[in-house]
Amino acid sequence: MKKGRLIRRIDVNVKNLYWADSGDLVAIASDTSSVIDKEFNVVGYTLKC
């Protein structure tokens with residue numbers, strides 16, 4: 001079993017959460033931004049509304 005640790009808190013009102021079929025990617029989406037997380041490499045994008 002893999003053990004994890006908190007490396008970044010993402011404090012947003014989550015609208016959708018998407019997992020890749022492979023299980024190694026997750027996308028967190030809100031009304032104004034989204035974050036794609038792969039093995040602790042977090043890339044954030046701000047969407048222009």
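For the sequence shown, the UniProt record's numbering gives the first residue as 1, with consecutive numbering after it.
Note that CB positions come from ideal geometry on N, CA and C, so glycine has one too.
Keep in mind that this is a model prediction, so the values were computed, not measured.
Following the DSSP letters along the chain, one finds residue 12 in no beta strand (DSSP E), marked with neither H nor E. In the three-state reduction of the DSSP assignment, residue 20 falls in the coil class.
Here the alpha carbon of residue 15 sits roughly 24 Å from the alpha carbon of residue 5. Setting aside the 5 residues that flank it on each side, residue 18 is surrounded in the same chain by 27, each with a C-beta closer than 6 Å to its C-beta; the list follows chain order. In the three-state reduction of the DSSP assignment, residue 30 falls in the coil class, being assigned neither a helical nor a strand state.
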